[in-house]
Amino acid sequence: MGGANQITAGFLPLLDSAVLVVAKELNFAAAEGIDLALARETSWANIRDRLAVGHFQVAHVLAPMPIACNLGLTPLVVPTIVPMALGLGGNAVTVSNALWADMVDKGARADFDPAATGRALKAVVTDRGASTSKPMLRFAVVHPYSGHNYEFRYWLAACGIDSSRDVEIVIVPPPLMLDALASGTIDGYCVGEPWNTAAALAGKGHIATVKAAIWRSSPEKVLGVSARWAEDNLDVLSALLRALCKAAEWCGNARNRGDLARILAEKSYVGRPREWLLPALEGELPDGSGDTKAVADFFVPFAKAATFPWKSHALWFYSQMVRWGQIQHSAEHARIARETYRPDLYRAALKPLGIALPVANAKVEGALTAATPVGSSGASLVLGPDGFFDGGLFDPDKLDSYIASQKL
Amino acid sequence: MQPPPNPLSVLVIDENRLRASVIEAGLRDAGYVNLTIVHDVVGIARRITEIEPDVIVIDLENPNRDMLENMFQLSRAVKRPIAMFVDHSDSASIEAAVDAGVSAYVVDGLKKERVKPLLDMAICRFNAFSRMVRELEEARSELENRKLVDRAKGILMATRGLSESEAYALLRKTAMNQNRKIGEIAEGLITAAGLLSPREGER
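Protein chains in written order, with the UniProt record's numbering: chain A, 1 to 408; chain B, 1 to 203.
Here it is in structure tokens:
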């Protein structure tokens, strides 16, 4: 048996595993007295199962996964908490060259604007629906309980596309997306980096829009922690959160981009070329036609309280689970979702660092149209701009009416 | 004696053909006749709808587990969700399965007694397979070691004028004194000899 300070963290080879990787590689974990081992995994299901059997104490997980788990939606139900997020943004929607050509015919431009590209996609979908010779468009996301699934469906719905009738949505693991797109198995996908950049650089696809534009300052991966382990090892967990916070700060520093790309490119981590990783880190994405476009807040590992586990994020994911028929809404289910995220543990652990800590546990998503200083303890904290591209507001105190107003 | 045929329909997905055949043989021996083995998940959606398996056994190395779970859930969309590894509460089975590198998806409501032996067998076969792979690996490194030791002996014989048995004795003594493996000592000696020998053009 290892000592209490030994932590094994599972991760998937994606850009947003950066915070965990840097905590280990640059000894932020060691400085907090933690012997951190990283285990590269091949599927989210493996991460979930190995958390459940205790191989991992913590893991890089999709933000809605622990909520789905606590709600009993996943095959293995072991209580999991989220004491920290691992960054904001990071995903994009990429479509095949053929679909992009059709979208351009309908007025799409390579500016990643979700409203304009969405309108073009809607026009393509309508044409397809009227034609008997062309099959329904098929898109892939990485997991049913993923930010990808929800932001992609949200985008489609806001553009008038019914994601359960007008198109088909399937599950494909991130490393297989590019092949599936290139072979014509799917027409597009919503995935994390580097799998959008990879398609654009290889000339296999065009980036249509980005998560940072669909829902600005939206959460992506979080730290999933076995609830029982956390209860028994609160001090160790706190030390780990401090290490991860320092690692996130390092990752967010523009001066470190080159080094970060080099570390992540290593075979034991993301294991892909540096050139695939740099665009997302720099916020300059290749669009697929040889040009690059700047994207504000494409991947935010530290600034804007990017590691804070907002209860409003948990509740928005829950609202989408209800919207897409994964669970029935009830006060009890909402409570389980809300309590999965643990800002109290985050605050208690990070207070000694003197960094900016939000005073609130939840915020109205979409309320900030510009960068805004907000109430915080410690250093001053600036949040936003945030919000949904269609102007939607999510007030976690009005969950019932939000759910009732959701259209399919 | 052949066990009575088991009507449970089982789908085994393993990209490693050798391991798949090891599992298949075990399942057939145990009387599972309704068996489908798949090496490639391309087109698996249709296969699942066709076969309507009661149980899917898959290796943990397969990145398509997320896709498969979703698929299995969809193909049984009107029924209840899937359970995994026999039973949520059976943590010993879950741990054994994950340790062995195998996972099973089971239709909820299927009797635990009927699935448990199947999963136990799969775990056992997975373990047997990894033991076999490990033994092969050990045998190969053993052979490598012997080659290294032979070369190191040759170097000692040529440079120090030792007999073969004296050269071996010296290697073994050094290994014992330094508490290292004889193969490591031999490897170090070969590297050092390579560094010290004059190269072409430097003479």
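Glycine included, C-beta positions come from ideal geometry on N, C-alpha and C.
>> Is the beta carbon of F56(A) closer than 7 Å to that of A243(A)?
In response: For the purposes of this step, residue 243(A) is taken as residue 243 along the first sequence, with counting starting at 1. For the purposes of this step, residue 56(A) is taken as residue 56 along the first sequence, with counting starting at 1. By the CB criterion at 7 Å, A243(A) and F56(A) fall outside the cutoff.
> residue 481(A) by DSSP, collapsed to three states: which one?
Replying inline: Nothing about residue 481(A) can be reported from this structure: the residues present for chain A run from 1 to 408 only.
> Are D297(A) and A212(A) close, meaning C-beta to C-beta below 7 Å?
Replying inline: The sequence position of residue 297(A) within the first sequence is 297, counting from 1. The sequence position of residue 212(A) within the first sequence is 212, counting from 1. Contact: yes.
> Does the stretch 94-103 of chain A come within contact of the stretch 343-354 of chain A, defined as at least 3 CB pairs closer than 8 Å?
Replying inline: They do not touch, by the three-pair rule.
> Buried or exposed: where does L18(B) fall if 16 or more other Cβ atoms within 10 Å of its Cβ makes it buried?
Replying inline: Residue numbering aside, residue 18(B) sits at position 18 when the second sequence is read from its first letter. So L18(B) ends up on the exposed side.
>> When you compare the stretch 311-330 of chain A with the stretch 50-69 of chain A, are there three or more beta-carbon pairs, one atom per stretch, that lie closer than 8 Å?
In response: Verdict: yes, contact present.
>> Is the separation between the beta-carbon of L156(B) and that of G101(B) shorter than 7 Å?
In response: By one-based count along the second sequence, residue 156(B) stands at place 156. By one-based count along the second sequence, residue 101(B) stands at place 101. No, they are not a contact pair.
> For chain B, is any of its Cβ atoms less than 7 Å away from the one on V53(A)?
Replying inline: The residue you call residue 53(A) lines up with position 53 of the first sequence. Chain B has a Cβ within less than 7 Å of the Cβ of V53(A).
>> Beta-carbon within less than 7 Å of R153(A)'s beta-carbon, same chain only, minus the 5 sequence neighbours each way: which residues are those?
In response: Locating residue 153(A) in the first sequence gives position 153, where the first residue counts as 1. The answer, listed in chain order, is S163 and W324.
>> Can you confirm whether I171(A), when its beta carbon is compared against all beta carbons of chain B, has any partner nearer than 7 Å?
In response: Residue numbering aside, residue 171(A) sits at position 171 when the first sequence is read from its first letter. Interface residue, yes.
> At which residue ranges does the UniProt domain "Response regulatory" (9-123) of chain B contain complete beta strand (DSSP E) runs of 3 or more residues, listed in the order of the chain?
Replying inline: Runs of the beta strand (DSSP E) inside the UniProt domain "Response regulatory" (9-123) of chain B: 10-13, 35-38, 55-59, 82-84 and 102-107.
> What are the boundary residues of the beta strand (DSSP E) that includes R40(A)?
Replying inline: Taking the first sequence and counting its residues from 1, the one referred to as residue 40(A) is at position 40. Unbroken beta strand (DSSP E) run through R40(A): D35 to R40.
> For G129(A), which of helix, strand or coil comes out of DSSP?
Replying inline: For the purposes of this step, residue 129(A) is identified with residue 129 of the first sequence, where counting begins at 1. Three-state DSSP puts G129(A) in a helix.
>> Buried or exposed, going by whether 16 or more other CB atoms sit within 10 Å of the CB of D102(A)?
In response: For the purposes of this step, residue 102(A) is taken as residue 102 along the first sequence, with counting starting at 1. Buried is the call here.
> What residue does the alpha helix (DSSP H) around C159(A) start on, and which one ends it?
Replying inline: What you label residue 159(A) is simply residue 159 of the first sequence in a count that begins at 1. Secondary structure note for C159(A): it is in no alpha helix (DSSP H), with a DSSP letter that is neither H nor E.
> Considering only residues of the same chain and omitting the five flanking positions on each side of F308(A), which have a CB-CB separation below 7 Å?
Replying inline: Numbered from its first residue, the first sequence carries residue 308(A) at position 308. Spatial neighbours of F308(A) in its own chain (CB-CB distance under 7 Å, excluding positions within 5 residues in sequence) are listed in chain order as A85, P343, Y346 and P358.
> Thinking C-beta only, is K293(A) closer than 7 Å to L285(A)?
Replying inline: Along the first sequence, one-based indexing puts residue 285(A) at 285. Along the first sequence, one-based indexing puts residue 293(A) at 293. Cβ distance < 7 Å, so L285(A) and K293(A) count as in contact.
>> I'd like to know if M157(B) contacts chain A, where contact means its C-beta is closer than 7 Å to some C-beta of that chain.
In response: Along the second sequence, one-based indexing puts residue 157(B) at 157. Closer than 7 Å to the CB of M157(B) there is not a single CB belonging to chain A.
>> So E151(A) and I214(A) are supposed to be a Cβ contact under 8 Å. How far apart are they, rounded?
In response: As a first step, residue 151(A) must be located in the first sequence, where it is residue number 151. As a first step, residue 214(A) must be located in the first sequence, where it is residue number 214. The pair is a contact, with the Cβ atoms about 5 Å apart (cut-off 8 Å).
>> Tell me which residue opens and which closes the beta strand (DSSP E) that V142(A) is part of.
In response: Along the first sequence, read from residue 1 onward, the residue named residue 142(A) stands at position 142. Here V142(A) belongs to no beta strand (DSSP E), and DSSP marks it neither H nor E.
>> Using the three-state DSSP reduction, which class does P13(A) fall into: helix, strand or coil?
In response: For this step, residue 13(A) is matched to residue 13 along the first sequence. The three-state secondary structure of P13(A), taken from DSSP, is coil.
>> Assuming contact is defined by CB atoms lying nearer than 7 Å, are K134(A) and G160(A) in contact in what I supplied?
In response: Sequence index remark: in the first sequence, residue 134(A) carries index 134 (1-based). Sequence index remark: in the first sequence, residue 160(A) carries index 160 (1-based). For the pair K134(A) and G160(A), the CB atoms are not nearer than the 7 Å cut-off.
>> If distances are taken between C-alpha atoms only, which option among V236(A), K246(A) and N70(A) comes closest to P301(A)?
In response: Start at 1 with the first residue of the first sequence, and residue 301(A) comes out as number 301. The shortest C-alpha separation from P301(A) is found at K246(A).
>> For V172(A), which residues in the same chain have their Cβ closer than 6 Å to its Cβ, ignoring the five residues on either side in sequence?
In response: Along the first sequence, one-based indexing puts residue 172(A) at 172. Cβ neighbours of V172(A) beyond the five flanking positions: A140 and A180.
> For A4(A), which of D235(A), G252(A), V295(A) and S377(A) has the nearest alpha-carbon?
Replying inline: As a position in the first sequence, residue 4(A) is number 4, starting the count at 1. It is D235(A).
> Looking at C-alpha atoms only, which residue of I23(B), N16(B), S9(B) and I13(B) is the closest neighbour of R125(B)?
Replying inline: Here residue 125(B) corresponds to residue number 125 of the second sequence, with the count starting at 1. Nearest option by C-alpha distance: I23(B).
>> Determine, for D66(B), whether the minimum Cβ-Cβ distance to residues of chain A falls below 7 Å.
In response: Locating residue 66(B) in the second sequence gives position 66, where the first residue counts as 1. Answer yes: the Cβ-Cβ gap between D66(B) and chain A drops below 7 Å somewhere.
>> For the beta strand (DSSP E) containing M84(A), name the first residue and the last one.
In response: Reading the first sequence from its first residue, position 84 is the one you call residue 84(A). For M84(A), the enclosing beta strand (DSSP E) covers residues T80 to A85.
> Whose Cβ in chain B lies nearer than 8 Å to the Cβ of V142(A)?
Replying inline: Along the first sequence, one-based indexing puts residue 142(A) at 142. D66, listed in chain order.
> Is H39(B) buried or exposed, if buried means 16 or more other CB atoms sit within 10 Å of its CB?
Replying inline: The sequence position of residue 39(B) within the second sequence is 39, counting from 1. H39(B) is exposed by the Cβ-count criterion.
> Straight-line CA distance for F129(B) to A122(B)?
Replying inline: Translated into the one-based positions of the second sequence, residue 129(B) becomes position 129. Translated into the one-based positions of the second sequence, residue 122(B) becomes position 122. When only Cα atoms are considered, F129(B) and A122(B) end up about 10 Å apart.
>> Excluding the 5 residues flanking A77(B) on each side, which residues of the same chain have their C-beta closer than 7 Å to its C-beta?
In response: Here residue 77(B) refers to the residue found at position 77 when the second sequence is read from its first residue. The pLDDT assigned to A77(B) is 45, lower than 50, so where the model puts this residue is not dependable; a value taken from the coordinates is nonetheless given after this. Taken in chain order, the list of residues that qualify is empty.
> Under a Cβ-count criterion, where at least 16 other Cβ atoms within 10 Å of its own Cβ denotes burial, should L136(B) be classed as buried or exposed?
Replying inline: Walking along the second sequence from the start, residue 136(B) turns up at place 136. Of the residues assessed, L136(B) falls on the exposed side of the cut-off, its CB having fewer than 16 other CB atoms within 10 angstroms.
> With distances taken between CB atoms, is the gap from G185(B) to A175(B) smaller than 7 Å?
Replying inline: Locating residue 185(B) in the second sequence gives position 185, where the first residue counts as 1. Locating residue 175(B) in the second sequence gives position 175, where the first residue counts as 1. Just to set this straight, residue 185(B) is Ile in the shown sequence, not Gly. Taking 7 Å as the Cβ cut-off, I185(B) and A175(B) qualify as a contacting pair.
> Who does V191(A) pair with in a DSSP beta bridge?
Replying inline: Against the first sequence, residue 191(A) aligns to sequence position 191. Beta-bridge pairing links V191(A) to A92(A).
> Using a C-beta cutoff of 7 Å, does N46(A) count as contacting chain B?
Replying inline: The count along the first sequence starts at 1 and reaches residue 46(A) at position 46. Cβ-Cβ to chain B under 7 Å: yes for N46(A).
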